[in-house]
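Q:
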Amino acid sequence: MNSACDSLIERTYHQIWPRGEQYADLRKVKVKNCDDASIVASVVGTKRYNVELKFRGNGLSRSCDCPYMQSRSERTICKHLVAVAIVWDELRGFKRPSQQEVEQFTIPPPKVSQADVNSLFNNPLKANLETLRILADETALGGRSRPHARLPNMPNFNQDKNEPVTKKEIKKAFSEITRWSNRLNYDHYFCAGEIVAAFCEVMRLFKKRLTATPPAIAAETLREAQKFHYELIIEMIDDSEGLHQFTEAHLEDIYQALQNTIVAAKNQATFKEKLDEFNRHRDDY
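Each residue of the sequence shown is one higher than the last, beginning at 672 in this note's numbering.
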């Protein structure tokens, strides 16, 4: 005979567990039927919700029809499941987890909220890059990420807005980022936010230095950045979360800024050629 609480506690967010305890203490759980292997119950919350827990092999299957469970991953644990698990365990002679065990084994509150995630993707150009760096770790399914390399915030790149950008300088910065992807424990998924944030840092400095950079050189450099962007997205990261939106937004910002640039007659052909190339290669995935 196994404890239901032991099966749930490591999958439950810290802020959820005490709410389940409170529901159990307030007798909001109404047991319909149960034995050593399963329980069917209802929990009176905002409405009456139906809960089932059942041991299957070495695991515990669970279901609850509350909105919290319906809108999230199947691995999510709600307060109603916690309440039923506590009541079921106590009916079978198990003690509920101590406060110390709750502190030790539940999942800590995420540093990144859903509002933070929405803010990132609603405005990629103005994204908080520090949030982007830790996004995968903090939103990992089950609250647990894989061990992985920690990367610098950005490569070596001149921050002086009065210094012109050169193709050589930006290619050197991109080579440095590429070397990061060869580090021990580099993870294509969990390091993706750090790699993308580093690219965005370089693009933001490029934009600041745009007025000091000859327009034709800026257009050539933008095209180099676009080429590297595809290499980054296709080869260096797992883009299942859609992080290309951030690199694309920063490239587009520079492209739009260059549209209003006055170009000397002798450089207009090169300038136009590189911007036309940029347009032709917008979807090279």
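Backbone N, C-alpha and C define an ideal beta-carbon position, used for all residues, glycine too.
(1) What separation, rounded to the nearest whole angstrom, lies between the Cα atoms of Q770 and Y684?
(2) Between the alpha carbons of S732 and L752, how many angstroms are there, rounded?
(3) According to DSSP, C705 sits in a beta bridge with which residue or residues?
(4) If we ignore side chains and look at the alpha-carbon of each, how far apart do K839 and L929 end up?
(5) Run the CB neighbour count on M907, radius 10 Å, all protein chains shown included, and call it buried at 16 or more, exposed below.
(6) Less than 8 Å between the beta carbons of P795 and F949, yes or no?
(7) Within the segment 882 to 919, note down every full alpha helix (DSSP H) run reaching 4 residues or more, in order along the chain.
(8) Around the C-beta of S844, are 16 or more other C-beta atoms found within 10 angstroms, so that it is buried, or is it exposed?
(9) What runs of the alpha helix (DSSP H), each 4 residues or longer, lie entirely inside the segment 729 to 794?
(10) Skipping 5 residues on each side, what residues in its chain have a beta carbon closer than 6 Å to that of M874?
(11) Classify T882 as buried or exposed, calling it buried when 16 or more other Cβ atoms lie within 10 Å of its own Cβ.
(12) Counting along the chain, where does the alpha helix (DSSP H) carrying N950 start and finish?
(13) Quick one: using the 10 Å Cβ neighbour count with 16 as the cut-off for buried, is H952 buried or exposed?
(14) Less than 8 Å between the CB atoms is what I'm expecting for R763 and M672, so what's the real figure, rounded?
(15) Indicate the three-state DSSP secondary structure (helix, strand or coil) for V867 in the structure shown.
(16) Could you tell me which residues DSSP puts in a beta bridge with K725?
(17) How would you label Q897, buried or exposed, when you count the other beta carbons within 10 angstroms and need 16 or more for buried?
(18) Per DSSP, which residues does V715 bridge with? Please list them.
(19) Taking G730 as the reference, which of I841, A675 and K832 has the closest Cα?
(20) Looking only at DSSP bridge pairs, what is Y684 linked to?
(21) From V722 to A712, what distance separates their C-alpha atoms?
(22) Given this structure, state the Cα-to-Cα distance separating V783 from T810, to the nearest angstrom.
(23) Could you tell me the boundaries of the alpha helix (DSSP H) in which L822 lies?
(24) Among residues of its own chain, excluding the 5 on either side of N856, which ones have a beta-carbon nearer than 7 Å to its beta-carbon?
(25) Starting from S846, trace the alpha helix (DSSP H) both ways and give me its first and last residue.
(26) Work out the CA separation of N829 and R727 for me, nearest whole Å.
A: According to the data block:
(1) The straight-line gap separating the alpha-carbon atoms of Q770 and Y684 is approximately 14 Å.
(2) Cα to Cα, S732 sits roughly 11 Å from L752.
(3) Looking at the DSSP assignment, C705 forms a beta bridge with I710.
(4) Spanning the two alpha carbons is a distance of roughly 20 Å.
(5) Burial check for M907: the Cβ neighbour count within 10 Å reaches 16 or more, so the residue is buried.
(6) Not a contact, by the Cβ cut-off of 8 Å.
(7) Those alpha helix (DSSP H) runs which fall completely within the segment 882 to 919 and span 4+ residues are 886 to 902.
(8) The question names Ser, but residue 844 is Ala in the sequence shown. Buried, since its Cβ has 16 or more Cβ neighbours within 10 Å.
(9) Listed in chain order, they are 738 to 741, 750 to 762, 770 to 776 and 785 to 793.
(10) A distance below 6 Å between beta-carbons, with the five flanking residues on each side excluded, links M874 to the following residues of its chain, in chain order: H921.
(11) Exposed: under 16 other Cβ atoms inside 10 Å.
(12) Taken as a continuous stretch (DSSP letters only), the alpha helix (DSSP H) holding N950 covers Q939 to R951.
(13) With fewer than 16 Cβ atoms within 10 Å of its Cβ, H952 is classed as exposed.
(14) A Cβ-Cβ distance of about 6 Å is found for the pair R763 and M672, placing them in contact under the 8 Å criterion.
(15) Helix, per DSSP.
(16) Paired residues: S709 and S732.
(17) A residue is called buried when at least 16 other Cβ atoms come within 10 angstroms of its Cβ; Q897 meets this threshold and is buried.
(18) In DSSP, V715 forms a bridge with R719.
(19) Nearest option by C-alpha distance: A675.
(20) Paired residues: I778.
(21) Looking at the two C-alpha atoms, the distance is approximately 5 Å.
(22) Whole-angstrom Cα-Cα distance: 7 Å.
(23) Segment: none, L822 is in no alpha helix (DSSP H) and carries neither H nor E.
(24) Here the set comprises P818, H819 and A820.
(25) Run containing S846: K838 to W851, per the alpha helix (DSSP H) assignment.
(26) If you take the alpha carbons of R727 and N829, they lie about 59 Å apart.
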